[in-house]
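Participant: The numbering used here numbers the first residue of the sequence shown as 1 and each following residue consecutively.
All C-beta atoms in this analysis are idealised placements derived from N, C-alpha and C, irrespective of residue type, glycine included.
Following this message is one structure expressed as structure tokens.
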Amino acid sequence: LIGGAAGAFLTSQDLDVRLDFDSLAGQAAVLGSGAVLVMDETACIVDMLGSILRFFRHESCGQCVPCRVGTDLLVRLLEGIRRGMANGEALSRMVEIVDVMRLSSLCPLGQSLALPVRSALENFREEFLAHLEGHPCPACSGRPQ
């Protein structure tokens with residue numbers, strides 16, 4: 001995860017990307033807060049995205065509907081995915097929600113969730129699909145759901 005909570009989830013193929021604005025722009029990522037979080041195969045991207053979504057839900061001031069409702073919907077959808085209780089439409093629904101939030105939230109908090117959600121779903125789709133099918137991803141195998 002590069003750029004902090006509003007940053008992008010990159011893959012191991014991106015380890016050699018320079019940490020500057022131009023190089024990261026080529027990866028559809030941002031330097032953001034400058035935070036870099038490196039995770040190995042024991043980390044669950046679904047859980048990590050859940051932590052980010054809960055953080056944004058907590059930090060939302062609640063003034064605008066897209067952010068207030070959108071963050072709550074995202075947390076609920078992801079929890080359904082994590083527990084294997086959602087259907088395949090949950091992933092596309094998450095993308096729809098962050099796109100609406102990006103275009104209509106009043107401040108950057110709601111607007112910035114599109115990057116972590118989209119990059120997690122695009123770069124680690126297999127983990128989300130494993131959870132959707134009721135099979136925890138390799139990182140979660142053996143852990144209580």
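Who are the Cβ neighbours of ILE97 in its own chain at under 7 Å, not counting the five residues just before and after it?
Facilitator: For the purposes of this step, residue 97 is identified with residue 97 of the sequence shown, where counting begins at 1. Cβ within range, chain order: GLY70, LEU73 and LEU74.
Participant: Drop a sphere of 10 angstroms on the beta-carbon of VAL46, count the other beta-carbons inside from all chains shown, and report buried for 16 or more, exposed for fewer.
Facilitator: Within the sequence shown, numbered from 1, the residue matching residue 46 stands at position 46. Counting Cβ neighbours within 10 Å, VAL46 comes out buried, since at least 16 surround it.
Participant: Grab me the residues of THR11's own chain with a C-beta within less than 6 Å of its C-beta, minus the 5 sequence neighbours each way, in chain order.
Facilitator: As a first step, residue 11 is located in the sequence shown; it is residue number 11 there, counting from the start. Cβ neighbours of THR11 beyond the five flanking positions: ASN123.
Participant: Between ARG93 and LEU77, is the Cβ-Cβ spacing less than 8 Å?
Facilitator: As a working note, residue 93 is residue 93 in the sequence shown. As a working note, residue 77 is residue 77 in the sequence shown. Yes.
Participant: Of all the alpha helix (DSSP H) runs that stay within the bounds of the region 59 to 89, which reach a length of 4 or more residues?
Facilitator: 65 to 82
Participant: Closest to GLU127 by CA distance: which of LEU15, ILE81, ILE2 and GLY7 is it?
Facilitator: Residue numbering aside, residue 127 sits at position 127 when the sequence shown is read from its first letter. Of the candidates LEU15, ILE81, ILE2 and GLY7, the one whose C-alpha sits nearest the C-alpha of GLU127 is ILE81.
Participant: Use the C-beta contact count for PHE56: other C-beta atoms within 10 angstroms, 16 or more gives buried, fewer gives exposed.
Facilitator: By one-based count along the sequence shown, residue 56 stands at place 56. With 16 or more other Cβ atoms within 10 Å, it is buried.
Participant: Taking the alpha helix (DSSP H) that PRO116 belongs to, which residues open and close that run?
Facilitator: Within the sequence shown, residue 116 is the residue found at index 116, counting from 1. Counting along the chain, the alpha helix (DSSP H) containing PRO116 begins and ends at 114 to 123.
Participant: How is ALA5 classed by DSSP in three states: helix, strand or coil?
Facilitator: Residue numbering aside, residue 5 sits at position 5 when the sequence shown is read from its first letter. Looking at ALA5 - three-state DSSP - the assignment turns out to be coil, as it is neither helix nor strand.
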